[in-house]
Amino acid sequence: KDWLVIGLFLSISIGFLIFYFYSINKINKKITNRHAASKGITLVEILVATVIVAISILCILKAIQQSSLVQPHTGESTMAITLCQEKLEEIRGRSYTSLVAEQQQPTMPERMNMPPYGWNGTTPINGGATRTVIIERIIESGTPTTPGTTTSAIYDYLKATVRMEWGTAPLRRELSVFIANRP
Numbered sequence: 216k217d218w219l220v221i222g223l224f225l226s227i228s229i230g231f232l233i234f235y236f237y238s239i240n241k242i243n244k245k246i247t248n249r250h251a252a253s254k255g256i257t258l259v260e261i262l263v264a265t266v267i268v269a270i271s272i273l274c275i276l277k278a279i280q281q282s283s284l285v286q287p288h289t290g291e292s293t294m295a296i297t298l299c300q301e302k303l304e305e306i307r308g309r310s311y312t313s314l315v316a317e318q319q320q321p322t323m324p325e326r327m328n329m330p331p332y333g334w335n336g337t338t339p340i341n342g343g344a345t346r347t348v349i350i351e352r353i354i355e356s357g358t359p360t361t362p363g364t365t366t367s368a369i370y371d372y373l374k375a376t377v378r379m380e381w382g383t384a385p386l387r388r389e390l391s392v393f394i395a396n397r398p
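This note's numbering puts the first residue of the sequence shown at 216, with every later residue one more than the last.
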């Protein structure tokens, strides 16, 4: 209902502005040209134009309000994906052997506070957050697709997944990357 009050205020103020400029224009015409017939805008035309402008502004304000309600967790989701990418980059920078050793340990979720988001970084994220890192070792055998090789090979690589969960009704985002053994 706030948008109705704002729209009413805007329409009244625009109406007064138009009426003011219309009145000034009429006075100027009377002063400069007393004998010519006045061919200005009538008050009814001004009021109709004011109503049309007010309705247009109300529609725009309502559209802005509805678009902000469509996805209220956009900032949180962006922050979660950023934290996932940050952790994945940290994992990619480590050696393959240390990742294999870590893969053999049980996965423990890491409690963390997601930093605030927004234009000024002032919007807090309620409910806390957890970041879980899962490293899986994948061993596959198959025929290589390189022309000229016919022997089967064993492919050994890791899949690192970082999962962020936050909020009171947990929301979740996760990113994965495949890591090959670098010589």
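For glycine and all other residues, C-beta sits at the position ideal for the given N, C-alpha and C.
Check your understanding: On the three-state DSSP scale, how would you describe R326?
Key -> Counting from one through the sequence shown, the residue named residue 326 turns up at place 111. Strand, per DSSP.
Practice item. Tell me where the alpha helix (DSSP H) around A295 begins and ends. Key: For this step, residue 295 is matched to residue 80 along the sequence shown. In the DSSP annotation of this structure, the continuous segment of the alpha helix (DSSP H) that includes A295 starts and ends at 289-307.
Point to revise | For Y372 and S356, the rounded distance between their alpha carbons | key: Your numbering for residue 356 matches position 141 in the sequence shown. Your numbering for residue 372 matches position 157 in the sequence shown. Our two residues, S356 and Y372, have alpha carbons roughly 12 Å apart in a direct line.
Check your understanding: If we count the other Cβ atoms within 10 Å of its Cβ and call it buried at 16 or more, is C274 buried or exposed?
Key -> Here residue 274 refers to the residue found at position 59 of the sequence shown. Under this definition C274 is an exposed residue.
Practice item. Return the bridge partner residues of F393 from the DSSP annotation. Key: As a first step, residue 393 must be located in the sequence shown, where it is residue number 178. The partner list for F393 (beta bridge, DSSP) reads K374.
**Study point:** Alpha-carbon to alpha-carbon, A384 and I159
**Key:** Residue 159 falls outside the range modelled here, since the chain spans only 216 to 398, and no answer is possible.
**Study point:** Three-state secondary structure (DSSP) of W334
**Key:** For the purposes of this step, residue 334 is taken as the residue at position 119 of the sequence shown. At W334, the pLDDT of 48 sits below 50, so the modelled position is not reliable; the number obtained from the coordinates is stated separately. The answer is coil: DSSP assigns W334 none of H, G, I, E or B.
Check your understanding: Does the beta-carbon of K277 have 16 or more other beta-carbons within 10 angstroms, so that it is buried, or is it exposed?
Key -> By one-based count along the sequence shown, residue 277 stands at place 62. K277 comes out exposed.
Exercise for review: Under 8 Å by Cβ, that's how I've got L225 and A264 pegged, so tell me the actual separation to the nearest angstrom.
Suggested key: Translated into positions along the sequence shown, residue 225 becomes position 10. Translated into positions along the sequence shown, residue 264 becomes position 49. 14 Å between Cβ atoms; not a contact.
Point to revise | Exposure of R378, with buried meaning 16 or more beta-carbon neighbours within 10 Å | key: To locate residue 378, count along the sequence shown from 1; it is residue 163. With 16 or more other Cβ atoms within 10 Å, it is buried.
Check your understanding: Going by DSSP, which residues form a beta bridge with I350?
Key -> Taking the first residue of the sequence shown as position 1, residue 350 is located at position 135. When beta bridges are read from the DSSP output, I350 appears opposite A375.
**Study point:** DSSP bridge partner residues for T345 (one or two, in chain order)
**Key:** One-based indexing of the sequence shown puts residue 345 at position 130. Here T345 is bridged, per DSSP, to R326, E380.
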